[in-house]
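Engineer: Below is one structure. I have some questions about it.
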Amino acid sequence: MGNHRSSDRMVSMGVVMTSAGGDRVGSTTSGKKKTTAMQKGEMLLIAAYCLSCCEIFFLYRNFRIPSEYLESITIPLFGSFVAVISALALCLALLVVYRAFGKKIDNDHYLVAACVCSSLAPLLQLIVGHALRQSWAIIPCIALTAAGFVCFLPEMVRRLASVGVSCSVRCNIAACVALLVVAPLSSLVPMEVFILVMCLNPALTLYCLRASSSASTSVTSVEVKEGQKVPKILLLTIIAACVMEGVVAAVDHAKMGDDAKIVVFSLAYVVSAALMFAVLLRSRSNYNNAIFRVCFPIMAAGVSLFVFEGALALNVGTFIFLVGRQLFAATILALVVYLVRYLGSDYYLLSVSSVVGAMLGSCVGLALFSYCGQTGSAAILPPTFLVYLLLGVLLVAIYLMSASNLKTRWGMVAIDDSEERVGLTFEQSCLILAEKWGLTKRESEIVALMVKGRDKQSIAEKLYISDGTVKVHTRNIYQKMGIHSKQELIDLVESTEDSIKE
1 MGNHRSSDRM
11 VSMGVVMTSA
21 GGDRVGSTTS
31 GKKKTTAMQK
41 GEMLLIAAYC
51 LSCCEIFFLY
61 RNFRIPSEYL
71 ESITIPLFGS
81 FVAVISALAL
91 CLALLVVYRA
101 FGKKIDNDHY
111 LVAACVCSSL
121 APLLQLIVGH
131 ALRQSWAIIP
141 CIALTAAGFV
151 CFLPEMVRRL
161 ASVGVSCSVR
171 CNIAACVALL
181 VVAPLSSLVP
191 MEVFILVMCL
201 NPALTLYCLR
211 ASSSASTSVT
221 SVEVKEGQKV
231 PKILLLTIIA
241 ACVMEGVVAA
251 VDHAKMGDDA
261 KIVVFSLAYV
271 VSAALMFAVL
281 LRSRSNYNNA
291 IFRVCFPIMA
301 AGVSLFVFEG
311 ALALNVGTFI
321 FLVGRQLFAA
331 TILALVVYLV
341 RYLGSDYYLL
351 SVSSVVGAML
361 GSCVGLALFS
371 YCGQTGSAAI
381 LPPTFLVYLL
391 LGVLLVAIYL
401 MSASNLKTRW
411 GMVAIDDSEE
421 RVGLTFEQSC
431 LILAEKWGLT
441 KRESEIVALM
451 VKGRDKQSIA
461 EKLYISDGTV
471 KVHTRNIYQK
481 MGIHSKQELI
491 DLVESTEDSI
501 KE
């Protein structure tokens with residue numbers, strides 16, 4: 001009997017151990033499947049983003065009529081201005097529709113509308129532009145393509161926000177590689193073939209977006225907080241950069257040949273991808289440094305070369321500007337994804353507003369070149385015009401760098417998804433509270449020292465003021481913030497850090 005009982009115990013223990021081992025194996029297997037699904041979803045999302053970037057490349061550089069049909073292979077500068085204005089008006093109309101009916105329209109309906117608009121644009125160009133030889137067809141094509149991109153972009157941002165900020169940077173690196181292939185290919189194949197391929201591009205983008213959603217179901221949900229507005233400083237930053245882009249686009253349009261464009265663009269994509277990896281992924285720079293200490297100086301350096309004459313200055317200046325512009329676009333996308341993921345911004349409103357800001361800046365740049373940028377000398381751009389342009393951008397950059405919202409909130413956040421980098425630092429939280437409650441600079445310094453545990457005497461010694469002055473400042477701080485003790489002040493600072501991290 002004893003032997004039977006002991007054997008039963010051994011069998012039961014073996015069953016328990018086997019089941020426990022099976023559970024561990026099952027959980028490990030399910031974890032691997034989940035990781036594989038997330039990786040597949042991210043790859044499909046990157047593919048969708050690359051396809052959208054190819055659509056934008058087609059929009060900006062490949063709307064042209066064959067030279068055997070017309071004397072000119074591109075529309076004149078005025079036509080470009082009208083096209084951008086038309087696209088801007090259409091995007092604003094879509095933004096108004098979203099504000100009025102956005103919550104009643106399913107996201108998938110926006111994607112279908114994007115697919116239809118983006119597919120109709122190349123077809124219209126092929127039929128009206130190539131078959132009927134009407135160059136004006138390019139204008140509605142540009143407007144339709146822009147509308148399609150604006151419908152695709154918000155859902156793209158929402159999906160990227162559910163995955164993480166780093167994924168948006170990887171998307172831009174992959175897009176540079178894709179454009180490195182598409183740019184020369186677009187000039188090697190017949191234009192009709194390239195346009196037909198572009199007709200299929202939106203459908204492929206739609207497929208990748210839908211497949212990415214079904215492949216990865218375990219991503220972080222994105223919740224939109226009520227009352228969130230588009231940061232004005234973000235829009236000013238985009239507009240300032242795109243004013244330069246509008247000027248450069250007009251210069252390239254007027255003075256650079258197609259063969260030179262392909263070479264310059266291809267080289268710019270290679271260098272841009274390397275810089276994105278180094279600046280945004282490896283060094284994990286914050287948004288302030290990436291935008292104003294890297295992107296803006298690079299773009300300004302490229303534009304400044306236009307004061308010289310000759311093809312070399314034109315090509316090198318355009319190359320340098322494009323490198324900065326691609327890096328700027330990657331940084332802005334990462335910032336938009338950060339605002340949506342961690343601060344609960346409205347992904348549709350933020351995405352479309354960013355595009356509208358970019359188009360508005362491009363319109364201003366085109367207008368400036370049209371009215372002030374023409375030169376009768378050998379220089380690419382008039383020196384006086386360049387000085388005023390770069391001075392204006394510099395003043396805007398100085399204002400934005402000193403703006404409190406950029407400096408104390410998202411501006412100083414590292415471009416990273418790790419938990420210790422997502423929130424704001426202790427000092428930045430104190431600055432946010434100081435801004436909220438209208439504290440003076442001295443009061444802000446005292447708040448930071450009080451929260452660190454310093455008493456009145458040590459604060460006085462640290463700031464070289466008297467104990468009585470510290471008491472007066474402390475009393476004013478408590479009155480302004482509506483608190484009565486140091487512990488309440490510490491709780492406020494900690495809750496500010498926690499709310500930002502969430």
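For the sequence shown, full-length UniProt numbering begins at 1 and goes up steadily by one. Glycine included, each C-beta is placed from N, C-alpha and C at the ideal position. What you are looking at is a predicted structure, and each value in this text was computed from that prediction instead of being measured.
With the cut-off set at 8 Å, would you say Val336 and Leu350 are in Cβ contact?
Structural biologist: It is a contact, given that the beta carbons lie within the stated cut-off.
Engineer: Taking the C-alpha atoms as reference points, what is the distance between Ile298 and Leu90?
Structural biologist: Cα to Cα, the separation comes out at about 32 Å.
Engineer: Relative to the C-alpha of Gln487, which residue among Ser458, Lys452 and Leu463 is closest?
Structural biologist: Closest option to Gln487, Cα to Cα, is Lys452.
Engineer: Going by the beta-carbon positions, is the gap between Gly246 and Ser362 smaller than 8 Å?
Structural biologist: A contact, by the Cβ cut-off of 8 Å.
Engineer: Rounded to whole angstroms, what is the Cα-Cα separation between Ser370 and Phe385?
Structural biologist: Near 12 Å, if we compare the C-alpha coordinates of Phe385 and Ser370.
Engineer: Going by DSSP, what residue range makes up the alpha helix (DSSP H) through Phe265?
Structural biologist: Asp258 to Leu275 is the span of the alpha helix (DSSP H), which, as asked, contains Phe265.
Engineer: I'd like the span of the alpha helix (DSSP H) that includes Ile477, first residue to last.
Structural biologist: Taken as a continuous stretch (DSSP letters only), the alpha helix (DSSP H) holding Ile477 covers Asp467 to Met481.
Engineer: Between the beta-carbon of Val177 and the beta-carbon of Leu45, is there less than 8 Å?
Structural biologist: Against a cut-off of 8 Å, the Cβ pair of Leu45 and Val177 comes out as no contact.
Engineer: Under 8 Å: do the region 318-338 and the region 113-128 share three or more Cβ pairs, one atom per stretch?
Structural biologist: With the cut-off at 8 Å, the region 318-338 and the region 113-128 do not touch.
Engineer: The alpha helix (DSSP H) with Ile298 in it runs from where to where?
Structural biologist: Its alpha helix (DSSP H) spans residues Phe296 to Ser304.
Engineer: Check whether the region 236-243 and the region 145-157 touch, using three or more Cβ-Cβ pairs below 8 Å as the test.
Structural biologist: Contact fails: fewer than three Cβ-Cβ distances are below 8 Å.
Engineer: In chain order, what residues of the same chain have a beta carbon less than 7 Å from the beta carbon of His473, not counting five sequence neighbours either side?
Structural biologist: The residues are Arg442, Glu443 and Ile446.
Engineer: Taking just the CA atoms, how far does Asp252 sit from Phe58?
Structural biologist: Between Phe58 and Asp252, the C-alpha separation is close to 16 Å.
Engineer: For Ser283, is the classification buried or exposed, using 16 other Cβ atoms within 10 angstroms of its Cβ as the cut-off for buried?
Structural biologist: The residue in question, Ser283, is exposed, as its Cβ has fewer than 16 Cβ neighbours within 10 Å.
Engineer: Would you call the CB atoms of Ala290 and Val169 closer than 8 Å?
Structural biologist: Not a contact, by the Cβ cut-off of 8 Å.
Engineer: Assuming Arg442 is part of the alpha helix (DSSP H), what are its boundary residues?
Structural biologist: Taken as a continuous stretch (DSSP letters only), the alpha helix (DSSP H) holding Arg442 covers Lys441 to Val451.
Engineer: Can you tell me the Cα-Cα spacing of Ile490 and Lys232, whole angstroms?
Structural biologist: Using only the alpha carbons, I get a separation of about 30 Å.
Engineer: Taking the alpha-carbon positions, what's the Val294 to Gly324 distance?
Structural biologist: If you take the alpha carbons of Val294 and Gly324, they lie about 8 Å apart.
Engineer: Going by Cα to Cα distance, which pick from Lys462, Cys54 and Ala460 is closest to Ala175?
Structural biologist: Ranking Lys462, Cys54 and Ala460 by Cα distance to Ala175 puts Cys54 first.
Engineer: Quick check: Ile380 and Ala313, are their CB atoms within less than 8 Å of each other?
Structural biologist: Their beta carbons are under 8 Å apart, which means Ile380 touches Ala313 by this criterion.
Engineer: Under the rule that 16 or more other beta-carbon atoms within 10 Å means buried, what is Gly41, buried or exposed?
Structural biologist: Gly41 comes out buried.
Engineer: Mind checking which residues open and close the alpha helix (DSSP H) that includes Ile238?
Structural biologist: Lys232 to Lys255 is the span of the alpha helix (DSSP H), which, as asked, contains Ile238.
Engineer: Can you tell me whether Tyr399 is buried or exposed, with buried defined as 16 or more other CB within 10 angstroms of its CB?
Structural biologist: By the 10 Å Cβ count, Tyr399 comes out exposed.
Engineer: Skipping 5 residues on each side, what residues in its chain have a beta carbon closer than 7 Å to that of Thr496?
Structural biologist: Cβ within range, chain order: Ser429, Ile432 and Leu433.
Engineer: If we count the other Cβ atoms within 10 Å of its Cβ and call it buried at 16 or more, is Asp346 buried or exposed?
Structural biologist: Buried: at least 16 other Cβ atoms inside 10 Å.
Engineer: Can you tell me which of the three DSSP states Ser72 falls into?
Structural biologist: Residue confidence is low: Ser72 scores 43 on pLDDT, short of 50, so the model does not pin down where it sits. Its coordinate-derived value is still stated next. Ser72: coil per DSSP, three-state reduction.
Engineer: So the candidates are Leu360, Pro140 and Ala114; which of them puts its Cα closest to the Cα of Leu200?
Structural biologist: Closest by alpha carbon: Ala114.
Engineer: Where does Gln39 land, buried or exposed, given buried means 16+ other C-beta within 10 angstroms?
Structural biologist: With fewer than 16 other Cβ atoms within 10 Å, it is exposed.
Engineer: Below 8 Å on the Cβ atoms is my guess for Ser266 versus Ala183; work out the distance and round it to an integer in Å.
Structural biologist: Right, the Cβ-Cβ distance comes to about 5 Å (below 8 Å), so this counts as a contact.
Engineer: In the DSSP assignment, find the unbroken alpha helix (DSSP H) run with Leu349 in it and report its ends.
Structural biologist: Unbroken alpha helix (DSSP H) run through Leu349: Tyr347 to Cys372.
Engineer: Evaluate Ser353 with the Cβ neighbour count: other Cβ atoms within 10 Å of its Cβ, from every protein chain shown; 16 or more gives buried, anything less gives exposed.
Structural biologist: Ser353 should be labelled buried.
Engineer: Tell me the residue span of the alpha helix (DSSP H) that contains Arg454.
Structural biologist: Segment: none, Arg454 is in no alpha helix (DSSP H) and carries neither H nor E.
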